[in-house]
Amino acid sequence: MTAPLVVFFLLAALAVIGAVSLILQKHPIHSALSLIVVMIALAGLYLLLGAEFVAAVQIIVYGGAIMVLFVFVIMLLNAGVEEHTSISKMAGAPGLLLVVALAGLVAATIVRSSDSIETTLQTGEMSSTPGISNMIFKDFVYPFELTSFLILVAVLGATVLAQREKS
Amino acid sequence: MNSFLSTNAELILTLVKIVLLLFIVLTVNAYLTWFERKVVAHMQSRWGPHRVGPHGLLQPLADGVKFLFKEDPTPAGVDKFVYYLAPLLALALALTSLALIPFGPEPLPWKFFGQAIYLGIAPPDVNIGILALFAITAMGVYGVALAGWSSNSKYPLLGGLRSSAQMISYELALTMSVVGVLLMAGSFNLKKIIEAQAHHPEWGLFGWNVWPQILGFFCFFVAAVAETNRVPFDLPEAESELVAGFHTEYASFKFAMFFIAEYTSMITVSCLCSIMFFGGWLSPFPASWTFTHYLPSAILIPFGLWVIWDGIRYETIFGRIILPVVGTAFAGLGAVFILLPGVNEFIQGPFWLLSKILVFLFVYVWMRGTLPRFRYDQLMAFGWKLLLPLSIVNVIVTSFVILAKMQWWRAK
Numbered sequence: 018m019t020a021p022l023v024v025f026f027l028l029a030a031l032a033v034i035g036a037v038s039l040i041l042q043k044h045p046i047h048s049a050l051s052l053i054v055v056m057i058a059l060a061g062l063y064l065l066l067g068a069e070f071v072a073a074v075q076i077i078v079y080g081g082a083i084m085v086l087f088v089f090v091i092m093l094l095n096a097g098v099e100e101h102t103s104i105s106k107m108a109g110a111p112g113l114l115l116v117v118a119l120a121g122l123v124a125a126t127i128v129r130s131s132d133s134i135e136t137t138l139q140t141g142e143m144s145s146t147p148g149i150s151n152m153i154f155k156d157f158v159y160p161f162e163l164t165s166f167l168i169l170v171a172v173l174g175a176t177v178l179a180q181r182e183k184s
Numbered sequence: 105m106n107s108f109l110s111t112n113a114e115l116i117l118t119l120v121k122i123v124l125l126l127f128i129v130l131t132v133n134a135y136l137t138w139f140e141r142k143v144v145a146h147m148q149s150r151w152g153p154h155r156v157g158p159h160g161l162l163q164p165l166a167d168g169v170k171f172l173f174k175e176d177p178t179p180a181g182v183d184k185f186v187y188y189l190a191p192l193l194a195l196a197l198a199l200t201s202l203a204l205i206p207f208g209p210e211p212l213p214w215k216f217f218g219q220a221i222y223l224g225i226a227p228p229d230v231n232i233g234i235l236a237l238f239a240i241t242a243m244g245v246y247g248v249a250l251a252g253w254s255s256n257s258k259y260p261l262l263g264g265l266r267s268s269a270q271m272i273s274y275e276l277a278l279t280m281s282v283v284g285v286l287l288m289a290g291s292f293n294l295k296k297i298i299e300a301q302a303h304h305p306e307w308g309l310f311g312w313n314v315w316p317q318i319l320g321f322f323c324f325f326v327a328a329v330a331e332t333n334r335v336p337f338d339l340p341e342a343e344s345e346l347v348a349g350f351h352t353e354y355a356s357f358k359f360a361m362f363f364i365a366e367y368t369s370m371i372t373v374s375c376l377c378s379i380m381f382f383g384g385w386l387s388p389f390p391a392s393w394t395f396t397h398y399l400p401s402a403i404l405i406p407f408g409l410w411v412i413w414d415g416i417r418y419e420t421i422f423g424r425i426i427l428p429v430v431g432t433a434f435a436g437l438g439a440v441f442i443l444l445p446g447v448n449e450f451i452q453g454p455f456w457l458l459s460k461i462l463v464f465l466f467v468y469v470w471m472r473g474t475l476p477r478f479r480y481d482q483l484m485a486f487g488w489k490l491l492l493p494l495s496i497v498n499v500i501v502t503s504f505v506i507l508a509k510m511q512w513w514r515a516k
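Protein chains in written order, with this note's numbering: chain A, 18 to 184; chain B, 105 to 516.
Okay, here's the thing in structure tokens:
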């Protein structure tokens, strides 16, 4: 096994363990911490693929900003340990089916794909910062601006909702 | 053995560098506490620590021993895992961020099994240097927030909440304020950011980013002080309101870990300020003034002689022995630089970078001795209503100036 492959399996295992722990943990803070582990493991995987910029942004935006807000809200509400409810059988059966279907889909995609870890390393254009900027600000500038507009609308909506109580 | 060394040269070199940097940083941290106490004391017409060792120089050692041997009780009802994780996280992230700082332009003249030995742990061509640094500091808030939450106590929880809110607010301004510098350098790479400030070697310090980016520097420095939870932004540990804030329930070495993390982030911020706005390892003098290359010796030798002179008159016998030895070491170092021109040329870069870092550390302490703490609403208003708009204006103005310059060049 080559070194990148070893690192890949380590990070992949970390991501999967974090995701499973996210669901199994009883306390919201522990779940949030597990999600942070998943984010960091994913950033490591991006780094392994040669996408440095995406990896750094993944940690800054997801690990540093969004998850801090999650943790902040959980702390602010002082949420306690979740109450354990017995799983509804109606929800269990379709859930299991969905899991099998999703796993099959992922497996089929992996089997069909001709890329292996070694060949997908260093993806070139998309990985470099100028490459990404060119794509965002030239090829996809309208979708990008529309998304920004959507976020602006969401911010305004949140502000209006927060102001309503005062008046 | 030799083949093992040569195949794993990079790994071994990095490990050795990590151990060395840890040793240096922890020592500097310890003496930073001494420096801070001395400077603040003199600003307040006191003597500061002066009982343990000559001029209190062994005080950090005594403090360290005290931290190690104090009782370390775990309060009842804490979330054990997170309670132990928080100080580790704070310290580990603070130390990791230093790994990305380049401390000198050139590698050492000899190689380690074909590997060039650069000053600094990461190779100097990390393309996303500054982004990676921000990624690490962005995670730093968890140490404080989780410490506050896991302590199962009111004051730490309030401190943790305050600190998360403060760090989220100021991180925006912090990130926006460096965009101007990045636009001017055209790279995230710390080495290229420094080299971009050396376009006019004859301008000396007037070529640095701080002049065109004075607004960006102001925003960056204020936001960075807030990110490190230092005075006047130390609300997470405001002792008049919150006892000791997020680390109220931490004792002994776990408290020391938060302490070391705070001082390490001070060093990181000073490094970043020097690199991005003050030319990093560039000399403030024009390149043709070669006589300024003797400045390190011109500072070290008189300083060493002064320490010797002070030492032989010191009141304790221990001081009369140890101070002249320290002084001789400083003066000897200065003499070595004069006698060996090659060494003198090599240390120019690190000398200027370290001097700038020292100046910023002094500014940190100076602010602590001068400024009162912000009120919470003032803190939020300052961050959102002043710093963020200012840094955005800075980005817009910088982009337009760069665009205009490019058009002008094209027209010519």
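Each residue gets a CB set at the ideal place from its N, CA and C atoms; glycine is no exception. Keep in mind the model is a prediction, meaning the values are calculated, not measured.
- The CB of A73(A) comes closer than 8 Å to the CB of I232, L235, A236, F238, A239 in chain B, given here in chain order.
- Contacts between I46(A) and chain B, judged by CB atoms closer than 9 Å, involve D183, V186, L250, W253, S254 in chain order.
- By the C-beta criterion, the segment 352-359 of chain B is judged not to be in contact with the segment 406-424 of chain B, since fewer than 3 inter-stretch pairs fall below 8 Å.
- Counting only unbroken stretches of 4 or more residues, no alpha helix (DSSP H) element lies wholly within the segment 206-237 of chain B.
- Judged by DSSP secondary structure, F154(A) falls outside any alpha helix (DSSP H); it is assigned neither H nor E.
- Pairing L162(B) with V411(B), the inter-Cα distance amounts to about 16 Å.
- Of all residues in the segment 86-97 of chain A, those with a C-beta nearer than 9 Å to a C-beta of chain B are L86, V88, F89, I91, M92, L93, N95, reading in chain order.
- Residue environment for I153(A): exposed (fewer than 16 other C-beta atoms within 10 angstroms of its C-beta).
- The beta carbon of H146(B) lies closer than 8 Å to those of G152 in the same chain, with the five residues before and after it left out.
- Only buried fits F486(B), as 16 or more other CB atoms lie within 10 angstroms of its CB.
- Listed in chain order, the non-local C-beta contacts of F455(B) below 7 Å within the same chain comprise P400, local neighbours out to five positions each way being set aside.
- Contact fails between the segment 173-183 of chain B and the segment 154-171 of chain A, because fewer than three Cβ pairs, one in each stretch, are under 8 Å apart.
- Buried is the label assigned to W253(B), since at least 16 other Cβ atoms lie within 10 Å of its Cβ.
- Between A277(B) and L492(B), the CB-CB gap stays under 8 Å.
- Inter-residue distance for S268(B) and A82(A) is about 10 Å (C-alpha atoms, whole angstroms).
- At a cut-off of 8 Å between C-beta atoms, I500(B) does not count as an interface residue with respect to chain A.
- With contacts defined by Cβ atoms closer than 8 Å, V230(B) and L193(B) do not form a contacting pair.
- Taking 8 Å as the upper bound for CB-CB distance, V283(B) and M471(B) are not in contact here, some 25 Å apart.
- In the three-state reduction of the DSSP assignment, W138(B) falls in the helix class, which pools H, G and I.
- Proximity of the segment 290-307 of chain B to the segment 255-271 of chain B falls short of the contact definition, fewer than three beta-carbon pairs being nearer than 8 Å.
- Scanning E100(A), L52(A), F89(A) for the CA closest to the CA of Y79(A) turns up L52(A).
- Every alpha helix (DSSP H) stretch that sits fully inside the segment 52-102 of chain A and reaches 4 residues is listed by chain position as 69-74, 84-94.
- Taking the Cα positions, W138(B) is about 28 Å away from M243(B).
- Here the segment 296-305 of chain B makes contact with the segment 383-403 of chain B; the two share three or more CB pairs at distances below 8 Å.
- Counting other Cβ atoms within 10 Å of its Cβ, Q452(B) reaches 16 or more and is therefore classed as buried.
- CA-CA distance, T146(A) to S110(B), rounds to 34 Å.
- With respect to chain B, the C-beta atom of E99(A) has no partner C-beta closer than 8 Å.
- It is roughly 34 Å from the alpha-carbon of H397(B) to the alpha-carbon of I364(B).
- Residues of the same chain with a CB within less than 8 Å of the CB of M84(A), apart from the 5 flanking positions on each side, are A49, L52, I53, M56 in chain order.
- With the rule of 3 Cβ pairs closer than 8 Å, the segment 25-45 of chain A counts as touching the segment 84-100 of chain A.
- DSSP, reduced to helix, strand and coil, places R479(B) outside both helices and strands of the structure shown, so it counts as coil.
- Using beta-carbon distances, G224(B) does not count as an interface residue toward chain A, since no partner is under 8 Å.
- Under the three-state reduction of DSSP, H47(A) is assigned to helix.
- Excluding sequence positions up to five before and after L197(B), its CB lies within less than 7 Å of the CB of I240, M243, G244, G247, all in the same chain and listed in chain order.
- C-alpha of S150(A) to C-alpha of V347(B): approximately 48 Å in a straight line.
- Around G80(A), the beta-carbon contacts reaching into chain B at under 8 Å are A239, A242, M243.
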